Structures are given as C-alpha cells and as structure tokens.
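All remarks here apply to the structure that follows.
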Amino acid sequence: ANGPSRGVAWRWDADAQAMVVTATRRILAGEELLCAYGPRSNLLLYRTYGFTHPPDAEPSWSYIVRTPLASPAYQEFLPGQELTAQLLLDSNNLEASLCEALNTVTRAGRDAGEFLAAVCRCCKQPYESDERLRPALGALSRARTADAATAAWWSELSETDGPLASDEGVRVKMCEYLCLLAHEEALACAAGRLERAQCLRG
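In the numbering used here, the protein residues as written are 386 to 587.
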C-alpha cells in the first residue's frame with residue numbers, strides 16, 4: 386500500500402539480489418505495513434507496480450512518446466535523424482530525454498517549442514478519438530468551463546459514467562492525455578497565446 390502513515394522503506398540490495406524492506410518506525414503487532422512509491426504519476430505507477438492513485442491524488446502526469454505516433458513531427462523537424470532515447474514527458478519535471486531531444490532540434494536549426502507542440506498534437510489524436518475516453522474528456526471540458534485551470538475530470542462525470550474514475554485504464558489514459566495537454570498549454574503560455582491562469586494546474 387501507499388500512504389501517509391507508512392512505516393517501511395524498501396531498497397534494492399545488489400549483494401543479496403533482493404528487495405529489502407526495513408521498518409522506519411516502531412511497528413505494532415497486527416499493523417498494516419505501508420510504504421511510499423514516491424511522487425509517481427498513474428502511468429508510471431501502473432507500468433511498474435500495477436495500480437493507480439485516485440485521480441484527485443495523482444501528483445503529476447506523464448507520457449512516454451511512442452515513436453510511430455510522433456513520426457510526423459520527427460520527420461518534419463529532424464529529417465534523416467533518429468532520437469535514440471525514449472522521450473518521457475512529465476508535468477512536474479523536465480526529463481533528460483526531453484532536454485536531449487529539444488537540444489537536438491535546436492542544433493538542427495529548428496524551433497524546439499514547435500517540435501514539442503507537434504509531438505503533442507500527434508500523440509493526442511488517439512485519445513481524442515477513443516470512444517471509451519469520450520465521457521472523461523467531456524467531463525474535463527465541463528470542469529474547465531467553470532475553472533479553466535482545473536484537471537478535475539472525475540468531478541463532472543455523470544452518475545452513469547462515475548465508475549470511470551475508478552477504472553485503471555481510464556486513469557492511465559487520462560494521465561497521459563493531461564500530460565500532453567499540460568505541455569501544449571505551457572508552450573502556448575510561453576508564446577503569449579494563453580494566460581497562465583488558463584493553463585492546467587497539476
């Protein structure tokens with residue numbers, strides 16, 4: 386489990402070739418042992434551990450760029466070149482793989498912001514045409530009508546669609562979509578096309 390009252394920490398012991406769990410405080414007999422996985426998005430939690438946070442507890446959003454989806458952007462901005470690192474976008478951190486890609490685009494004489502915007506546009510398309518996500522995307526739109534910066538898509542789901550907020554697959558896909566949207570909006574804000582107050586908080 387993952388929680389604020391955690392009492393154990395885990396680490397990899399290379400000599401023992403095993404994960405070692407150690408108590409970080411006094412543990413009472415019969416007490417549930419809780420540990421923390423760190424501030425990970427639902428995408429990263431699910432990929433590594435097979436579970437997600439409720440969306441209102443998700444600390445950030447992530448997206449791993451799928452090269453086939455982004456290939457139109459790569460071909461336009463980096464013709465004849467290959468990006469060797471897998472690009473990871475994160476709403477709270479500028480990952481090294483993204484920095485490397487943006488620097489590669491800049492060295493090629495192209496605009497790094499336009500490249501990232503093109504990648505986001507390409508990668509958002511499957512989510513926007515995903516029938517299963519349609520209720521969640523509609524709910525996000527309704528929530529942002531009242532508060533442009535909110536990401537609280539779960540708060541505007543209909544009673545019928547309410548269970549989507551607990552669906553692991555929907556949580557992961559919305560995490561990815563919100564990450565792409567947050568990057569698009571940050572780029573628009575940096576270019577003066579969008580007020581900061583209208584950008585996703587996350």
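The beta-carbon is built from N, C-alpha and C at its ideal position, and this holds for glycine as well. Computed from a predicted structure; not experimentally measured.
Secondary structure of C420 (DSSP, three-state): strand. The closest CA to that of T489, considering only Q466, L473, K509 and W397, is found on Q466.
Inter-residue distance for D400 and T407 is about 16 angstroms (C-alpha atoms, whole angstroms).
Its chain contains F462, L463 and Q466 as the residues whose beta carbon lies nearer than 8 angstroms to that of A493, once the 5 sequence neighbours on both sides are disregarded; these appear in chain order. When C-alpha distances from A442 are compared across L542, L501 and L430, the shortest belongs to L430. Among the bridge pairs identified by DSSP, D398 is matched with A403. Going by C-alpha positions, F436 is about 19 angstroms away from W538. In this structure, DSSP gives D552 a state outside helix and strand, which the three-state scheme calls coil. Pairing A573 with D552, the inter-Cα distance amounts to about 31 angstroms. Taking 8 angstroms as the upper bound for CB-CB distance, S447 and L428 are in contact here, some 5 angstroms apart. With 16 or more other CB atoms across the displayed protein chains lying within 10 angstroms of its CB, A571 is buried. Of all alpha-carbon atoms in V557, L542, E480 and Q460, the one lying nearest the alpha-carbon of C507 is that of Q460. Here the alpha carbon of Q510 sits roughly 12 angstroms from the alpha carbon of L518. For T452, the closest C-alpha among the options G547, A524, V504 and D546 is that of V504. Excluding residues up to 5 positions away in sequence, S426, N427, L428, E443, W446 and S447 lie with their Cβ nearer than 7 angstroms to the Cβ of C560 in the same chain. In this structure, DSSP gives D475 an extended state, which the three-state scheme calls strand.
Within its own chain, the residues whose Cβ lies closer than 7 angstroms to the Cβ of L585, once the five positions on either side in sequence are excluded, are A534, A536, L563, L566, A567 and E570, listed in chain order.
For S456, no beta strand (DSSP E) segment is defined; the enclosing uninterrupted segment is the alpha helix (DSSP H) at T452 to F462.
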